[in-house]
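Colleague: Quick one: the structure is below, questions incoming.
In this note's numbering, the protein residues as written are 10 to 204.
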C-alpha cells in the first residue's frame, strides 16, 4: 500500500489541474481552442484600449507560475473577456494602474505590481508600464502586452526583449508564434525524456 502525504498529494493534484494556456500537445484540442478563444478576446479589447489611449499591461502566465505577483493584486478568477479587460483598465477603475495576470484563460488578478527592469539600455522615452512588462519577462517565461497611454503604441515583451509598434495582425502572429514555439519545445522535451 503506497503512503502519500497530504502536501505531496495536494501538490500533485495542483500540477494535474493546472493546464497553462501555453501547454499544448498535438492531441490536446481543448487547450488549443481555449488559447484561440483567449487570443480573440485580447484582440477585441486591445484596439479599444489603443483607440481610447488607455494604458494597460496584460501578462500571460506560462510555465513559471506568477503566484507571488498575483498576491500583490486583487484576485478576480474570472473568464478573460474583452469587456472585462476594458473595464479593468478604464481610468476610473481602482485596478487600472496595475497589471492583469491571465492564467488558464482566466483573469487571475488585476491591479498587480510587477518588478521593474534594471536594464540600463532601455530607452528613456519608455515609462513604468514598459519597464514592468520587460521586468516580468526577465524573471519568468511570461509574455506581457503593454499599451502606452500617451501614444497608444502596442508593445510585446517576451524573454527580456521588447517588440514595439505592433498592430493587431503582428500582435496576433507574435503571440501565435510564441504559443507554437513553446509547444514545439515541450513536445521535443517529452520526446527526449522518453529516450
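Note that beta-carbon positions come from the ideal geometry of N, C-alpha and C, so glycine has one too.
All figures in this text were calculated on a predicted structure; none of them were measured in a lab.
Starting from residue 146, trace the alpha helix (DSSP H) both ways and give me its first and last residue.
Modeller: Counting along the chain, the alpha helix (DSSP H) containing residue 146 begins and ends at 137-148.
Colleague: May I ask you to report which of helix, strand or coil DSSP gives residue 128?
Modeller: Of the three classes helix, strand and coil, the one that applies to residue 128 here is coil, per DSSP.
Colleague: When you compare each of 132, 111 and 86 to residue 48 by their alpha carbons, which one comes out closest?
Modeller: It is 111.
Colleague: Between residue 90 and residue 97, what straight-line distance do the alpha-carbon atoms span, to the nearest angstrom?
Modeller: Rounded to the nearest angstrom, the two C-alpha atoms are 11 Å apart.
Colleague: Per DSSP, residue 118 is paired with what?
Modeller: Answer is 84 and 110, bridged to residue 118.
Colleague: Could you give the first and the last residue of the continuous beta strand (DSSP E) run that contains residue 93?
Modeller: No beta strand (DSSP E) holds residue 93; the alpha helix (DSSP H) holding it covers 91-98.
Colleague: By DSSP's criteria, residue 155 is part of a beta bridge. Which residues make up the other side?
Modeller: Residue 155 is bridged to 66 and 164.
Colleague: DSSP beta-bridge partners for residue 170?
Modeller: Beta-bridge pairing links residue 170 to 167.
Colleague: Considering only C-alpha positions, which residue in the set 130, 41, 51 and 139 is nearest to residue 124?
Modeller: Cα-wise, what sits closest to residue 124 is 139.
Colleague: Tell me, please, whether the segment 111-121 touches the segment 158-173 by the rule of three or more beta-carbon pairs shorter than 8 Å.
Modeller: No, they do not touch.
Colleague: On a CA-only basis, which of 114, 157 and 152 is nearest residue 39? Give me that one, please.
Modeller: Residue 114 is the option with its Cα nearest to residue 39.
Colleague: Pull up the distance between the alpha-carbon of residue 92 and that of residue 43, whole angstroms please.
Modeller: Rounded to whole angstroms, residue 92 to residue 43 spans 17 Å at the Cα level.
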